[in-house]
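In the numbering used here, the protein residues as written are -12 to 336. The beta-carbon is built from N, C-alpha and C at its ideal position, and this holds for glycine as well. Have a look at the structure below before the remarks.
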């Protein structure tokens, strides 16, 4: 299998490249290498520095020739820092994906695996013991300022209980990044119908692991905690730290991509399918900060700040069942082990 891998220089792309190569597959790597994720570094050996938004160029056409499937990892990530980030998310993620899909069609290439995200769900799934399943609206700023971070039942005002989110849950993106990831999925599904193609979208949960970028708000929360500890600062935990998430190791994400690529090439999956890629072992954000801090052995205690960000959601934890049954994917790295190892793993400057 010959794979064109976008975002090949990122920490997820690097892990996918390694997993594909170990499986005997050929990888053609490309990456724009944005400074927010890579700093001012040159691309690794074998990775072409190209902009996916220019996928109609002759250089891209030459790269797509002879490829069996595209693994599209290139994206501007993170929750966004300011409203002014909106055009960058739309440009890199949405225009870039649309340009790539058009170029793939021109090249006669009709197989895709897309890196998506659990952020497309917005808030997770919730239930009220009296009124059943509920879809809470965005939390009010005044309520958050008062220190009430939970979602409440619209009918009786009781705190809602989170439950696992399946892939058929209604999307409700609540940040510029989330909106761009959902748009990527919509472009991919439209391309599948129009081009007679096949695609798999992998909805990553909180990915962590070696070579995450340090000291950038456009990174995962685990890397932000780790960066704070390297500076000698206590990790700052928003809200009350009881937000529940799923943290999945980058090596497991790489395995999920290999399985998805093999599946979409052999047409074992539907023409378009989305799968949660998660560990299946939920943890709180405070647990994550504590495990990383304890593993450094420095005696640093995370600081629960009570601060909040308007685009954040309270709890989002997904079901891994569909990925297990249809892709054969089950995460192998337990967060207890992976997060402690991450405390001393190398980061990217």
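Can the beta-carbon of residue i be found closer than 9 angstroms to that of residue j?
i: residue 86; j: residue 17; result: no
i: residue 134; j: residue 293; result: yes
i: residue 273; j: residue 240; result: no
i: residue 160; j: residue 107; result: yes
i: residue 216; j: residue 287; result: yes
i: residue 266; j: residue 222; result: no
i: residue 316; j: residue 229; result: no
i: residue 191; j: residue 102; result: yes
i: residue 50; j: residue 36; result: no
i: residue 83; j: residue -11; result: no
i: residue 242; j: residue 282; result: no
i: residue 109; j: residue 165; result: yes
i: residue -6; j: residue 59; result: yes
i: residue 185; j: residue 97; result: yes
i: residue 88; j: residue 170; result: no
i: residue 201; j: residue 210; result: yes
i: residue 147; j: residue 139; result: yes
To the nearest angstrom, report how far apart residue i and residue j are at their CA atoms.
i: residue 330; j: residue 304; result: 23 angstroms
i: residue 0; j: residue 125; result: 33 angstroms
i: residue 277; j: residue 319; result: 22 angstroms
i: residue 142; j: residue 105; result: 27 angstroms
i: residue 8; j: residue 258; result: 26 angstroms
i: residue 268; j: residue 321; result: 7 angstroms
i: residue 149; j: residue 260; result: 25 angstroms
i: residue 290; j: residue -9; result: 43 angstroms
i: residue 4; j: residue 114; result: 40 angstroms
i: residue 6; j: residue 311; result: 19 angstroms
i: residue 314; j: residue 324; result: 24 angstroms
i: residue 335; j: residue 30; result: 13 angstroms
i: residue 46; j: residue 219; result: 46 angstroms
i: residue 116; j: residue 263; result: 26 angstroms
Taking all protein chains shown into account, decide if residue i is buried (16 or more other Cβ within 10 angstroms of its Cβ) or exposed.
i: residue 100; result: buried
i: residue 79; result: buried
i: residue 253; result: exposed
i: residue 280; result: buried
i: residue 172; result: buried
i: residue 111; result: buried
i: residue 129; result: exposed
Any idea what DSSP makes of residue i, helix, strand or coil?
i: residue 17; result: strand
i: residue 61; result: coil
i: residue 223; result: strand
i: residue 295; result: coil
i: residue 313; result: helix
i: residue 193; result: strand
i: residue 137; result: coil
i: residue 11; result: coil
i: residue 79; result: helix
i: residue 218; result: coil
Using a Cβ cut-off of 9 angstroms (strictly closer), state whether residue i contacts chain B.
i: residue 297; result: This model lacks chain B altogether, as it is built from one protein chain only.
Closer than 8 angstroms: is that where the CB of residue i sits relative to any heavy atom of the ligand FAD?
i: residue 262; result: No copy of the ligand FAD appears in this structure; indeed no ligand is present at all.
- Message: Could you check whether the region 232 to 250 touches the region -2 to 13, counting it as contact only if at least three pairs of C-beta atoms, one from each stretch, sit closer than 8 angstroms?
- Response: yes
- Say whether the region 187 to 201 touches the region 220 to 236, bearing in mind that this needs 3 or more beta-carbon pairs closer than 8 angstroms, one atom from each stretch. yes
- Cβ pair count under 8 angstroms reaching 3, the region 162 to 178 against the region 92 to 109: yes
- Do three or more CB pairs link the region 53 to 66 to the region 145 to 160 at distances below 8 angstroms? no
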